[in-house]
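Residue numbers (the numbering used here), protein chains in the order written: chain A, 1 to 155; chain B, 1001 to 1264; chain C, 2001 to 2787.
Working notes, structure below.
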Amino acid sequence: MPTISLSLNGKKVTAEVEARTLLVELLRDRLGLTGTHVGCDTSQCGACVVHLDGRSVKSCTMFAVEADGRAVTSIEGFAADGELHPLQAAFHENHALQCGFCTPGMVMSAAELVARRPDASEAEIRAWLEGNLCRCTGYHNIVRAVQAAAKSARR
Amino acid sequence: MQDFGFHRPQNLAAAVETLKKRPDGKYLGGGQSLIPVMKLGLASPSDLVSLSALPELKGIRVDGKELVVGAGATHAEVADSAEVRRVLPALAGLAAHIGDPQVRNRGTLGGSLAHDDPNADYPAAVLALDATVVTDRRRIPADGFFKGLFSTALGPDEIIVSVRFPLPEKAAYAKLPHPASKFALVGVFVAKGPAGVRVAVTGAGAGVFRAAALEQALAKRFASEALAGASIPSAGLQGDAFGSAEYRAHLVVVLARRALEACA
Amino acid sequence: MAQDGIGASLLRKEDRRFLTGEGRYTDDVQKPHQTYLVVVRSPHAHARIKAVRTDAARAAPGVVAVLTGADLAKDKIGNIPTGWLIHSKDGKPMVEPPHPALAADRVRHVGDGVAVVVAETRDQAREAAARVEVDYQELPAAASLAQATAAGAPLVWDQAKGNVCFDWHLGDKAATDAAFAKAFKVVSLDTLNNRLIPNAIEPRAAIGEYDRAGGDYTLTTTSQNPHLTRLLLGAFSYGIPEHKLKVVAPDVGGGFGSKIFHYPEEFLVLWAARKLGRPVKWTAQRSESFLSDAHGRDHVSHAELAVDRDGTFLGLRVRTDANMGAYLSTFAPAVPTYLYATLLAGCYRTPAIYAEVRAVFTHTAPVDAYRGAGRPEAAFLLERLADLAARDLGMDRVEIRRKNFIRPEQFPYQTPVALQYDSGNYQVTLDAALDRSGWQTFEQRRAEARKRGKLRGIGISTYVEACGIAPSAVVGSLGARAGLYESAVVRVHPTGSVTVFTGTHSHGQGHETTFSQIVAEQLGIPAENVEVIHGDTSKIPFGMGTYGSRSLAVGGTAIVNATQKVIDKAKKIAAHLLEASPGDVEFKDGKFTVAGTDRAKTFGEVALTAYVPHNYPPGLEPGLEENAFYDPKNFTYPAGCHICEVEIDPDTGQVQVVAFTAVDDVGRVINPMIVEGQVHGGLAQGIGQALLEHGVYDDAGQLLSGSFLGYTMPRASDLPTYQVATRTTLCTHNPLGVKGVGEVGAIGSPPAVINAVVDALAHLGVRHVEMPATPERVWRAIRNAKR
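The following block contains the structure:
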């Protein structure tokens, strides 16, 4: 079995994995990081989005072996020392989550947008969230939260 | 999913060698097409040879009158590339609307072409722009590359290294996304370039194809008005719950007009 | 009032764990030595099972058990029961076929379970499942209502002739026929209310455990109502005594109805756990959810509205075929009957209504309640008919509704279809929605859009719904096999903080916050001092769970009542401490005072005294904990007005919702932020139904829309920014005056969207567009109208 080493949430992790192990399976089943969720089997729902070297990716559509030597951030590593990241705080303040299941993926996806394009328009935010399904919020408050976080990122 | 042998060669030659020895293996690009297929059990390769470490597949550059995009370039890299946006904005725009941001961060040009999904966006650009697919062993003109449903001219262990896009005078892409999958329900790429006027259609047929009737009409005048009254036959087009063949045929003309308007 | 009490947009207590990845959903739970179960499902819609060969699967690596329908029979396991019995017009009970957890002789829909494989790992279980060989003899299938009701259709159940489960009716046929006979005009509509697939983003999952030492079972499951699951498992499918069965529904990632029901997998994991003496976990893959979760809607209706010359509604006649799927899911028979036909009066004074409903078996997944459940189907018919009537009479769409509204002074209002509405003011929500939507200036926007080549339309719907289905005695007489009350325990701790135990279940609704606010308001303490516990049958006395927008109106009232009992007892303690008579003690803002004096005791002091009863009223029990069961007198009746604006690209038929206004009367609002969020989510699902979503089977019973690649889920880019507001009339029969908000968005919006689409195309002669109004459908409507 291949052995891989990666930086996970800032810490070095070494693991022996089957080649077929998906990154999300490594996180959830092997490492107990269950904040990253699985909501579909066709790479559509985005509940599993994590960051790979700062870019959002679907951890259900990537083999863990491909993360060898790279930096992975999951929702558990997104907030520093018990503080909410401004984007997480914006989700809280704008009631941008209900059941919470899509939330980690939604946050990780939106985080890349806020970091890279803090001036995104509402239409661009909605288009960016194309890969993240939410069945509870109707997206209204998620868009508000991303706008609020982007606004503070611009400051 | 069946387990498989995993290999990550460090250069092109080694990659080809690795797969040659494993006839039931497959190359792995960004995995955005292959992994879903494997999850469904529709492919069970004995080995995967990752192309992620190959330096030969990287990079985007302008070479004379051609834009050269490395096969390993992700859709996001193409969409965000200042070079691509400057010399071939239609291609950057196309790449910016493939799938979703996460697919664009992993999926590659080479992977998309090798997979040749009938609803993929890139094949339309490659065909309409008369691009050349450069592999580890030869150059394949676009007209000879696509062979219909999930099928290309690539040999079993052949690797796409880059794609050379002749820079057009005018080009644009218009698509109606499939409501659920966000692939192209129909996408039309129009170009006026060194090879004349070419119109390539994705999503409507069993694979990307050129719309001869539209090309003839546009050869006379490269403007949406030239398509007044134009139509393409629906026979042989795809039809499903999201779009009958007749509707798709209609969309081809509508989207061709829109692409032309975007060129103007 | 407490600052974070009733009416405050208190930020949610539950958010932090979800935002940091610390939520604990069923599949997140890992039990020591757990095994994994995979269900082998039928690839055929209808087939005879000739043989199930399990040898190869048993021999596969890691496999610890393979069980089949034959093993179920061997173990004398009961069937999955149905929660509601409907009687046909002729008085006969509905056909109630058996629903085994695994099919033994025949499979009846694609996805029907045939066997289970249990292995050490998920991958091993999946690989072994592929090695279970089932010999099927394929049989012809009836996959749609049209197929199933055709002459000579293949039968899903031999005992259900013509595939009819029941043929039921409601209302006064003679009076309705008489109304039609004197009508100035009759408008009619034939429509399919599209099948929807709920698709909560968390797939269903279950973990079964069996403790051999004590003979105790634990089921951890994605359920909206763990107590009901325990009751059904215990009393019917598995016969486990309730005191030996604990059901836990931890964090649940959305339900929308689909997680109300008791599913076979909940039994299967317990059965396997008992056999193995090890925990057994099952988690659905999404493609499996599509095949095995209960679907929603799927009605074919013919509806007619009789109107007078001046637009007065005289009578309504509706004939509906409702798809039940292959088996009767828990609440399925109630949905197209008591949750549907009873709502056909809508907001209107229509004096005569007659509805006939045939429930029909098909070779498809079971169909049951999905957000709205029957009420969206009723609202859609009424609001389309109202528009058609206005159009044919040359009347204004708003005026025909206003003219027929039940007037504010007419409440309580007895409808001709059994319900008595307690309160409402439909003019007020209508006027507010008209105002906020810019209804009066719409024609300017239409003209401006036309210049851009777009067809713009505006649509309105005014709806009423019924929530918090009750009272138990009434629903029992109508066929419910359960009560529909709710329980609460309010436990005051010695220092005055409070734990509330509720029988409802929160899976996105924010009960931990809202219910805290109610208790905080009553006790005059901060909401952060109140903890709300739900979803564990070992902690909560009993509960009927969360669905039908019932949690606040029924469960919230139980909490209010239990808290009031706490206050009543605390008053006695306070009176003793204050050396006053209990009758002279007032409780306000967290303080007990003696009227006309400055003598006072805080709630905390009284709580401490209850647990340290040194100086204590003689004869009074120590402690401060009370429970309450609340059985409502009536349903509640939220209502409102939704207005949608769309723009249509006539070349492609694409519809974009460009504005949506919803003004709803949900009774008293406890947390406006949460109420708005509930409306937003409902609107997305309603707009999804109108424009995007459709569960489609082919004629052979294969589900064509079996993944997110083929079933269109609403995405952010498909939806607009919503304008939502509330107007309040209080419910008259519960102490909070609350009505319920979970479903209003999904009920009012589909007809508003379709009315807008039709309005955009009306000048072409288009009278109706079916749901979902996909680009091709709209394009065809335009093209056919032009011909």
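No residue lacks a Cβ here, since even glycine has one placed at the ideal position from N, Cα and C.
Taking a beta-carbon distance threshold of 9 Å, Q98 (chain A) does not count as an interface residue toward chain B. Judged by DSSP secondary structure, D2055 (chain C) falls within the alpha helix (DSSP H) whose first and last residues are D2055 to A2059. Taking a beta-carbon distance threshold of 9 Å, L23 (chain A) does not count as an interface residue toward chain C. Taken in chain order, the complete beta strand (DSSP E) segments of 3 residues or longer contained in the region 2588 to 2631 of chain C are 2591 to 2594, 2600 to 2602 and 2625 to 2630. Chain A has a Cβ within less than 9 Å of the Cβ of G1031 (chain B). Taking a beta-carbon distance threshold of 9 Å, N2627 (chain C) does not count as an interface residue toward chain A. For the beta strand (DSSP E) assignment, the uninterrupted runs of no fewer than 3 residues enclosed by the region 2128 to 2200 of chain C are, from N- to C-terminal side, 2133 to 2138, 2164 to 2171 and 2185 to 2193. When rounded, the separation of the alpha-carbon atoms in H2680 (chain C) and C136 (chain A) is 8 Å. Between the region 2155 to 2170 of chain C and the region 2252 to 2261 of chain C there are fewer than three C-beta pairs closer than 8 Å, too few to call the two in contact.
One alpha carbon belongs to K2403 (chain C), the other to G2311 (chain C), and they sit about 8 Å apart.
Among the residues of chain B, those whose CB is under 7 Å from the CB of G2710 (chain C) are A1180, following chain order. For H1250 (chain B), the nearest beta carbon of chain C is closer than 9 Å to its own beta carbon. Out of C:D2435, C:Y2348 and C:E2448, the CA that lies nearest to the CA of P2408 (chain C) is found in C:Y2348. Between Y1173 (chain B) and A1245 (chain B), the C-beta gap is not smaller than 9 Å, which leaves the two residues out of contact. S2705 (chain C) has a beta carbon lying at 9 Å or more from every beta carbon in chain A.
The beta carbon of H2262 (chain C) is closer than 8 Å to those of I2080, P2081, L2228, T2229, L2232, L2233, S2237 and T2330 in its chain, skipping five residues each way along the sequence. Put simply, the CB of L133 (chain A) is near chain C, with a gap under 9 Å to one of its CB atoms. Scanning chain C for C-beta atoms nearer than 7 Å to the C-beta of H140 (chain A) yields H2680, T2721 and Y2722, reported in chain order.
An exposed status is given to H2243 (chain C), since fewer than 16 other beta-carbon atoms sit within 10 Å of its beta-carbon.
Fewer than three beta-carbon pairs drawn from the region 2473 to 2481 of chain C and the region 2511 to 2519 of chain C are found closer than 8 Å, and the two stretches are therefore not classed as touching. The distance from the Cβ of R2041 (chain C) to that of L2291 (chain C) is about 6 Å, consistent with a contact at the 8 Å cut-off. Contact with chain B is found for D2123 (chain C), since one of that chain's Cβ atoms lies less than 9 Å from the residue's Cβ. Contact annotation: in the region 1131 to 1146 of chain B, no residue has its CB less than 7 Å from a CB in chain A. For C2641 (chain C), the beta-bridge partners assigned by DSSP are C:T2462 and C:V2663. Beta bridge pairing from DSSP links S1162 (chain B) with B:G1070 and B:V1134. With a contact defined as Cβ atoms closer than 8 Å, A1256 (chain B) and I1160 (chain B) miss out at about 28 Å. Taking a C-beta distance under 9 Å as the contact criterion, P2336 (chain C) and V2357 (chain C) qualify as a contact pair.
DSSP, reduced to helix, strand and coil, places S7 (chain A) within a strand of the structure shown.
When DSSP states are grouped into helix, strand and coil, H1250 (chain B) belongs to the helix group. Excluding its 5 nearest sequence neighbours in each direction, F1183 (chain B) has C-beta neighbours in its own chain below 6 Å: N1119, listed in chain order. Think of a sphere of 8 Å around the beta carbon of F78 (chain A): no beta carbon from chain B falls inside it, the nearest being about 16 Å out. For P104 (chain A), the enclosing alpha helix (DSSP H) has its first and last residue at T103 to R116. When only Cα atoms are considered, T2342 (chain C) and V2417 (chain C) end up about 5 Å apart. Residue state for Q2420 (chain C) is assigned as strand, using DSSP reduced to three classes. Inclusion of G2535 (chain C) and P2226 (chain C) in the CB contact set at 9 Å is warranted, their separation being smaller than that value.
In this structure, the straight-line span from the alpha carbon of R1258 (chain B) to that of G1025 (chain B) is close to 42 Å.
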